[in-house]
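Enquirer: First the structure, which I've put down as structure tokens, then a few questions once you've had a look.
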Ligand SMILES: [Zn+2]
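Residue numbers (the UniProt record's numbering): 1 to 308.
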């Protein structure tokens, strides 16, 4: 699998919101290569190869996931040095979106009953704000294996880093069902471009915090809705093709903006409002019922010690 930073260039040294706009359509979470999809994997109801929805994965209980946010700015502590208030706004957005809270932009989605909170205890048991700050240009450029130094136990915390994200909007380095065994290791993380973080973030149209919602969707096992092409739209094949989900209409590529009336894959409506597309933050309104089940399954099957 391609490390995300292999995709980027030294242009990052001159990183600016203008550069960001050039790459802003990209989520560089490396979904598995085709060969890996059917290769060895831990069998589960939410493996790389398939989704098996069922009563076990219905969102019946509230699970709360502790988050540590590692804010990495450049060595001058200038670029990337975002405020605590913006971090708090991002946690609020996550909860609005994952709980589909009434009266919020994510109300149209399905309530996953998954919640997120800034960690109140560090790994040693000491009180914490859940926000860690570092000023290091190498790390800011998303280079060097900073996670080996900075990660809090990834089996107990969602480690979220903000930096330049290698010029993408954000990424996770692998899906939790990845047979590499990397889940729970220091590299197990969510990386977000600080220019696409929080509400209101600095760069329109990625200023409503949805980049984090999308990447945490990957972190909990979701594919892009356009992964692996059209697949077969009807059950049961839609659980083993495309994004391994039947209630997201298949489509072949990502979209920008908020296109209306698009169809793909033989007349299927393109799910531009799904969090696992790459449309504008204001365009996205929810996860589907089966995406929620896949995330609940992933939490139980691959991140069993994470939630409280
Ligand atoms: Zn993505």
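Where is the CB? At the ideal position from N, CA and C, for every residue including glycine. Just so we're clear, the structure is a prediction, and the values are computed from it rather than from any experiment.
Under the criterion of a Cβ to heavy atom distance below 6 Å, does residue 230 qualify as lining ligand 1?
Expert: No, ligand 1 has no heavy atom inside 6 Å of this Cβ.
Enquirer: DSSP on residue 245, reduced to helix/strand/coil?
Expert: Correct three-state label for residue 245: coil.
Enquirer: Secondary structure at residue 291, three-state DSSP: helix, strand or coil?
Expert: Residue 291: helix per DSSP, three-state reduction.
Enquirer: Whose CA, out of 282, 239 and 128, lies closest to the CA of residue 70?
Expert: Comparing Cα-Cα distances from residue 70 to each of 282, 239 and 128, the minimum goes to 128.
Enquirer: So what's residue 297 in DSSP terms, helix, strand or just coil?
Expert: Helix.
Enquirer: Starting from residue 161, trace the beta strand (DSSP E) in both directions and tell me its first and last residue.
Expert: Note, residue 161: beta strand (DSSP E), 158-163.
Enquirer: Taking 6 Å as the cut-off, does the CB of residue 29 come closer than this to any heavy atom belonging to ligand 1?
Expert: Within the cutoff, so yes.
Enquirer: If you scan the region 36-124 from start to end, which runs of the beta strand (DSSP E) of 3 or more residues do you find wholly inside it?
Expert: 63-73 and 114-118, all fully within the region 36-124.
Enquirer: So residue 251 is in the beta strand (DSSP E); what residue range does that whole segment cover?
Expert: Neither: residue 251 is in no beta strand (DSSP E) and is coded neither H nor E.
Enquirer: When we look at the beta-carbon of residue 308 and count the other beta-carbons within 10 Å, is it buried (16 or more) or exposed?
Expert: Exposed is the call here.
Enquirer: List the DSSP bridge partners of residue 269.
Expert: Answer by DSSP bridge pairing, in chain order: 263.
Enquirer: Report yes or no: do the region 78-94 and the region 158-165 share at least 3 C-beta pairs separated by less than 8 Å?
Expert: Touching, yes, given that three or more Cβ pairs across the two stretches are closer than 8 Å.
Enquirer: Kindly give me the distance between the Cβ atoms of residue 196 and residue 211, rounded to whole angstroms, as I take these residues to be in contact under 8 Å.
Expert: Rounded, the Cβ-Cβ distance is 4 Å, consistent with contact.
Enquirer: What are the start and end residues of the alpha helix (DSSP H) that includes residue 210?
Expert: Its alpha helix (DSSP H) spans residues 210-219.
Enquirer: Is it a yes or a no for the region 238-254 touching the region 190-208, going by three-plus beta-carbon pairs under 8 Å?
Expert: No, they do not touch.
Enquirer: Starting from residue 193 and walking both ways along the beta strand (DSSP E), at which residues does that stretch end?
Expert: First-last of the beta strand (DSSP E) with residue 193: 190-193.
Enquirer: Whose CA, out of 122, 183, 97 and 104, lies closest to the CA of residue 111?
Expert: Taking only the C-alpha atoms, the option nearest residue 111 is 97.
Enquirer: Assuming residue 75 contacts residue 27 under a Cβ cut-off of 8 Å, what Cβ separation, rounded to an integer in Å, is found between them?
Expert: Rounded, the Cβ-Cβ distance is 27 Å, inconsistent with contact.
Enquirer: When the Cα of residue 219 is compared with those of 47, 171 and 124, which residue comes out closest?
Expert: That would be 171, whose Cα lies nearest to the Cα of residue 219.
Enquirer: Please report the distance separating the alpha-carbon of residue 63 from that of residue 117.
Expert: Looking at the two C-alpha atoms, the distance is approximately 11 Å.
Enquirer: Grab the span of the beta strand (DSSP E) containing residue 134 for me, first residue to last.
Expert: Unbroken beta strand (DSSP E) run through residue 134: 131-135.
Enquirer: Between residue 59 and residue 289, what straight-line distance do the alpha-carbon atoms span, to the nearest angstrom?
Expert: Spanning the two alpha carbons is a distance of roughly 9 Å.
Enquirer: How many whole angstroms separate the CB atoms of residue 278 and residue 65, which I take to be in contact at a CB cut-off of 8 Å?
Expert: About 24 Å; that fails the 8 Å criterion.
Enquirer: Relative to the C-alpha of residue 124, which residue among 153, 229, 221 and 228 is closest?
Expert: Among 153, 229, 221 and 228, the Cα nearest to that of residue 124 is on 153.
Enquirer: Roughly how many angstroms separate the alpha carbons of residue 138 and residue 263, rounded to a whole number?
Expert: Going from the Cα of residue 138 to the Cα of residue 263 covers about 43 Å.
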